[in-house]
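This report refers to the structure that appears directly beneath it.
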Amino acid sequence: MYKAPRGTADILPQEQSFWRFVEGKAGEICQVYGYERIDTPVFEQTDLFCRSVGEGTDIVEKQMYTFADQSGDKMTLRPEGTAPVCRAYIEHGMHNLPQPVRLYYIGPIFRYERPQAGRYRQHRQFGVETIGEADPALDAEVISIAWGFYASLGLEGLRLQLNSIGCQDCRPAYLQKLTEYYTDHSQTLCPDCRSRLQRNPLRLLDCKKPSCQGIVEGAPQISEHLCQECISHFGALKDYLERLQIPYELNPYLVRGLDYYTRTVFEIQPEKMGGQSALGGGGRYDNLIAQLGGRPAPAIGFATGIERTILNLRHQGILPPSVPSARVYVAYLGQEAKREAIKMAARLRQSGIPSIMASGSKGLKSQLKQANSLGLPHVLIIGDEEMKNDTVILRDMAIGEQTSLRLDEALARLQERP
Ligand code: HAM
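In terms of my numbering, the sequence shown is residues 3 to 420.
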């Protein structure tokens, strides 16, 4: 028996209404904010992610699905959506468009992780990217899209955590201080932190191990080492968020798991869930476009996992509107009537009435039984008598009442009724 690969899931018909709801709200809010959709391939050259997400990150080191294609080129199933959008921005000369360029995407993301609730090897992300300007008003715009998106779904109790991790001018001196501090404590660090100290010192602040908590709490904080430009950028962002009445919490330990961030980083945490399970996150990445070979263009973005969003909807008891399903079952008595019934079902569908046609050589009784188990409220029946008189029988399944009508009359009635 084959099974879906570990960490992946089938989205069955009965779950689709959640997906439609969430992805529909994503599209709606992006349209309201003037963002346009972009779709990029699900795989890219491996090097794109090594250069952007960063060689020392868990994503690049441990989580990428990388393969050589038939011509030996190294490809990777995308482990995130920002780098591909930046690649597309550069490739299509989007710096020639009015800046900033506002884009959004919804699609599958692949990370080889240890599967658990809300953590999968294939998940879907909704993300937005605003590329081409450094204005902190755009940081506030992206955060307000994220905030507004969750609110439009009815989610409550979310917490926005905010930090600034500085820029290429002020961060190196801070990293030096952080490294010195951690080197003094290297004997008591967990094995992961010992390796972070060598490869990616900023991530030391993200360690959740109880044995490292005391060290994290005593560590120098980036907020005390920001340059004047970073301080005023962060100050302006906080002011805009206050004006937008979006509550935030400052979290000096928030550093995020991708290397491209500069200045603003943020995460949205669900109600009463641990720090590991951010519902969404993002930040500014002012150097990434230049790093990938484009003309320098500062940018900011955000992404959220659709599965995690749905988990939170379920957790809060929020149900999506149901997807309109078929309402009419078309039944027939005998093979001659079946030929007429096929035409009749086509007429119903052309008139916008979702219909399911009976199939096979079942008798009328078992056709009605099937309509009943599918939960269809109306059945249209055609037999020899109806063909002769140019009529159909309309059966109301709730009360079992049957009426003989002309097809156009039956269509008119079905269009009126739910
Ligand atoms: P990220 O925080 O790595 O950021 O992922 C964004 C969101 O995707 C997470 O908050 C989470 O909801 C979801 N997610 C991540 N990994 C998994 C997983 N294994 N299973 C289920 N859901 C997951 C980024 O990817 C950045 N590209 C976001 C960004 C956009 N930054 C700037 N622009």
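Think of the CB as a built atom: it goes at the ideal place given N, C-alpha and C, for glycine as much as any other residue.
Every value quoted in this text rests on a predicted model; they were computed, and no experiment measured them.
When the Cα atoms are used, what is the spatial distance from residue 277 to residue 208?
Translated into the one-based positions of the sequence shown, residue 277 becomes position 275. Translated into the one-based positions of the sequence shown, residue 208 becomes position 206. Model confidence at residue 277 stands at a pLDDT of 47, short of 50, so the residue's coordinates are unreliable and nothing is read from them.
Collapsed DSSP secondary structure at residue 203 in the structure displayed
As a first step, residue 203 must be located in the sequence shown, where it is residue number 201. Three-state result, residue 203: helix.
Could you tell me whether the segment 130 to 140 touches the segment 163 to 175, using the rule of 3 or more Cβ pairs below 8 Å?
At 8 Å Cβ cutoff, the stretches do not touch.
Using alpha carbons as the reference points, say which of 45, 120, 28, 55 lies closest to residue 316.
In the sequence shown, the residue the question calls residue 316 occupies position 314. Distances from the CA of residue 316 to each of 45, 120, 28, 55 were compared; the closest alpha carbon is that of 120.
Given residue 111 as reference, the closest of 125, 100, 105 once Cα atoms are compared
Taking the first residue of the sequence shown as position 1, residue 111 is located at position 109. Looking at 125, 100, 105, the one whose alpha-carbon comes closest to that of residue 111 is 125.
So who's on the other strand from residue 264, going by DSSP bridges?
As a first step, residue 264 must be located in the sequence shown, where it is residue number 262. Bridge partners of residue 264: 286.
Can residue 230 be considered in contact with the ligand HAM, in the sense that its beta carbon sits closer than 6 Å to one or more heavy atoms?
If you number the sequence shown from 1, residue 230 lands on position 228. Result no, Cβ not under 6 Å from the ligand HAM.
So residue 107 and residue 42 are in contact, right, with Cβ under 8 Å, and what is the actual spacing, rounded?
Indexing the sequence shown from 1 puts residue 107 at position 105. Indexing the sequence shown from 1 puts residue 42 at position 40. Indeed, because the Cβ distance is near 7 Å, the residues count as touching under 8 Å.
Looking at the ligand HAM, does it come within less than 6 Å of residue 305, judged from the CB to the closest heavy atom?
As a working note, residue 305 is residue 303 in the sequence shown. Yes, Cβ of residue 305 sits closer than 6 Å to a heavy atom of the ligand HAM.
So what's residue 277 in DSSP terms, helix, strand or just coil?
As a first step, residue 277 is located in the sequence shown; it is residue number 275 there, counting from the start. Low confidence applies here, because residue 277 scores a pLDDT of 47, under 50, leaving its location unreliable and the question unanswered by this model.
May I ask you to verify whether the segment 73 to 92 touches the segment 285 to 302, counting CB pairs closer than 8 Å and requiring at least 3?
Contact check between the segment 73 to 92 and the segment 285 to 302: three or more CB pairs, one atom from each, fall below 8 Å, which counts as touching.
Is any heavy atom of the ligand HAM found at a distance shorter than 6 Å from the C-beta of residue 387?
Taking the first residue of the sequence shown as position 1, residue 387 is located at position 385. No, since every heavy atom of the ligand HAM falls outside the 6 Å radius drawn around the Cβ of residue 387.
Three or more C-beta pairs under 8 Å: does that hold for the segment 68 to 77 against the segment 96 to 104?
A contact between stretches requires three or more CB pairs, one per stretch, nearer than 8 Å, and the segment 68 to 77 fails this requirement with the segment 96 to 104.
Start-to-end residues for the beta strand (DSSP E) that takes in residue 165:
By one-based count along the sequence shown, residue 165 stands at place 163. For residue 165, the enclosing beta strand (DSSP E) has its first and last residue at 161 to 166.
For a test of your reading of the model: does the CB of residue 121 fall under 6 Å from any non-hydrogen atom of the ligand HAM? Yes or no.
If you number the sequence shown from 1, residue 121 lands on position 119. Yes; taking the cut-off as 6 Å, the Cβ of residue 121 has a heavy atom of the ligand HAM nearer than that.
Quick one: what does DSSP say residue 306 is sitting in, helix, strand or coil?
Here residue 306 refers to the residue found at position 304 when the sequence shown is read from its first residue. The answer is strand: DSSP assigns residue 306 an E or B state.
Rounding to the nearest angstrom, what Cα-Cα distance links residue 150 and residue 143 in this structure?
If you number the sequence shown from 1, residue 150 lands on position 148. If you number the sequence shown from 1, residue 143 lands on position 141. In this structure, the CA atom of residue 150 is about 10 Å from the CA atom of residue 143.
Excluding the 5 residues preceding and the 5 following residue 280 in the sequence, name in chain order all residues of the same chain whose CB lies nearer than 7 Å to its CB.
The residue labelled residue 280 in the question sits at position 278 within the sequence shown. Here the set comprises 269, 270, 271.
What residue from 163, 398, 260 has the CA that sits closest to residue 205's CA?
Reading the sequence shown from its first residue, position 203 is the one you call residue 205. Selected option, being the one with the closest Cα: 260.
Suppose contacts are defined by Cβ-Cβ distances below 7 Å. Is residue 184 in contact with residue 199 by that definition?
Looking up residue 184 in the sequence shown gives position 182. Looking up residue 199 in the sequence shown gives position 197. For residue 184 and residue 199, yes; Cβs fall inside 7 Å.
Given a cut-off of 7 Å on the beta-carbon distance, is the pair residue 332 and residue 353 in contact?
In the sequence shown, counting from the first residue as 1, residue 332 sits at position 330. In the sequence shown, counting from the first residue as 1, residue 353 sits at position 351. Against a cut-off of 7 Å, the Cβ pair of residue 353 and residue 332 comes out as no contact.
Determine the direct distance from the alpha carbon of residue 361 to that of residue 20, and round the result to whole angstroms.
Residue numbering aside, residue 20 sits at position 18 when the sequence shown is read from its first letter. Residue numbering aside, residue 361 sits at position 359 when the sequence shown is read from its first letter. Those two C-alpha atoms are separated by around 30 Å.
Stretch-stretch touch, CB-based, cutoff 8 Å, three pairs: the segment 359 to 374 with the segment 301 to 317:
No: the two stretches stay apart, fewer than three of their Cβ pairs being nearer than 8 Å.
Measuring straight from C-alpha to C-alpha, what distance separates residue 252 and residue 284?
Here residue 252 refers to the residue found at position 250 of the sequence shown. Here residue 284 refers to the residue found at position 282 of the sequence shown. Our two residues, residue 252 and residue 284, have alpha carbons roughly 15 Å apart in a direct line.
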